[in-house]
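Numbering (the numbering used here), first residue to last: 7 to 357.
This report concerns only the one structure given below.
And the structure:
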């Protein structure tokens with residue numbers, strides 16, 4: 007700790023991103039990136055935007071991008087907010103909608119940025135224990151709280167809940183904001199965006215990083231009641247009005263409009279996920295039912311860290327957490343069929 011640090015950050019444990027190797031060629035199955043390239047139309051749009059206009063600030067309201075999202079989701083443009091990745095939007099939302107006097111609640115095993123945000127912004131939190139099968143403890147998220155955050159599908163488990171469960175949360179928490187983080191929704195789950203016009207306390211957050219293969223572009227968006235969107239705008243404009251650059255807006259809008267390419271990518275990922283799940287189960291692995299672009303697995307009799315290190319020695323990166331509840335589990339991103347074949351062979355050697 008540096009003596010010049012503010013009290014706010016002295017005790018904060020920041021989020022740890024997945025390893026981004028620079029010194030050797032590795033198969034990256036540790037950060038849930040898309041194994042396929044972005045839409046060619048997105049690349050063309052980025053190139054077209056990389057001209058003389060870069061000397062000008064980008065549109066702070068991201069009108070073209072928001073319009074594309076609103077059209078696809080059947081919403082009004084005033085119900086859409088764009089930001090520099092979904093992580094930034096989540097950070098804005100924690101500041102806009104949660105108060106220090108009331109607990110924010112979310113599952114104990116979920117996206118590890120949520121507790122970082124509560125610590126950094128001086129919020130109280132209650133992490134509720136998972137069900138024995140790692141499904142979300144929905145009843146424990148109902149009532150007596152200052153806000154709810156639910157990743158659907160959940161990370162790192164990959165388990166999703168249906169819209170009836172999301173509605174249960176919304177009805178049980180009518181006076182606080184319920185954030186549904188849908189970073190992985192396109193790989194088999196159902197988006198809660200269709201509930202927005204019925205529930206003014208619902209905020210749905212999505213990203214271009216996964217199903218649209220644009221993790222390097224850093225674009226995310228939130229969908230919700232216009233009043234919630236105004237709250238996000240208030241936080242943004244109190245920090246930095248120009249959060250999405252000109253190239254990112256152009257590329258993301260083109261990717262969202264290229265529905266055929268989007269569908270082809272998500273279908274390929276889900277097809278690969280299905281055969282990898284079967285292959286791992288045949289080898290004795292426990293595999294949770296996933297509707298994301300990753301699998302959460304363990305092998306009885308083998309420590310998670312042992313498998314993590316063994317795979318790295320064989321040129322494959324996966325994700326592991328040193329936490330009591332999940333220390334023997336690995337999260338494995340879905341890569342190409344060729345990459346997953348290497349993974350399976352590596353695990354076979356280790357077993």
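Glycine is no exception: its CB is placed at the ideal position from the N, C-alpha and C atoms.
Bear in mind that the values here come from a model prediction, so they are computed numbers and not experimental data.
- When the five nearest sequence neighbours on each side are left out, the beta carbons in the same chain lying within less than 8 Å of the beta carbon of residue 15 are those of 126, in order along the chain.
- Of the candidates 317, 309 and 341, the residue whose Cα lies closest to the Cα of residue 330 is 309.
- Across the set 92, 84, 157 and 338, the C-alpha of 84 shows the shortest separation from the C-alpha of residue 70.
- In this structure the region 113 to 132 lies against the region 153 to 164, because at least three pairs of beta carbons, one per stretch, are closer than 8 Å.
- For residue 275, the enclosing alpha helix (DSSP H) stretches over residues 265 to 288.
- Around residue 264, the same chain offers 45 and 47 as residues with beta carbons nearer than 6 Å, after the five sequence neighbours per side are excluded.
- Taking the Cα of residue 350 as reference, the smallest distance to any Cα among 35, 10, 9 and 11 is reached at 35.
- Per DSSP, reduced to three states, the secondary structure at residue 210 is strand.
- Contact between residue 147 and residue 111 is confirmed by a C-beta separation of about 5 Å, below the 8 Å threshold.
- Close CB contacts of residue 290 within its chain, under the 7 Å cut and outside five residues either way in sequence, are with 305 and 306 (chain order).
- In this structure, the straight-line span from the alpha carbon of residue 182 to that of residue 103 is close to 8 Å.
- For residue 187, the enclosing beta strand (DSSP E) covers residues 184 to 187.
- Note that the C-beta distance between residue 340 and residue 278 is below 8 Å.
- Looking only at 165, 336, 302 and 298, the smallest Cα-Cα distance to residue 312 is reached by 336.
- When only Cα atoms are considered, residue 271 and residue 217 end up about 7 Å apart.
- DSSP places residue 140 in the coil class of the three-state scheme, outside both helix and strand.
- When DSSP states are grouped into helix, strand and coil, residue 321 belongs to the coil group.
- Residue 204 holds the alpha-carbon nearest to the alpha-carbon of residue 172 among 204, 193, 49 and 150.
- Spatial neighbours of residue 27 in its own chain (CB-CB distance under 8 Å, excluding positions within 5 residues in sequence) are listed in chain order as 34 and 323.
- Residue state for residue 222 is assigned as coil, using DSSP reduced to three classes.
- Residue 69: member of the alpha helix (DSSP H) spanning 69 to 79, first to last residue.
- Here residue 273 is exposed: its Cβ has fewer than 16 other Cβ atoms, across all protein chains shown, within 10 Å.
- Straight-line measurement puts the Cα of residue 213 at about 6 Å from the Cα of residue 189.
- Around the beta-carbon of residue 240, fewer than 16 other beta-carbon atoms lie within 10 Å, marking it exposed.
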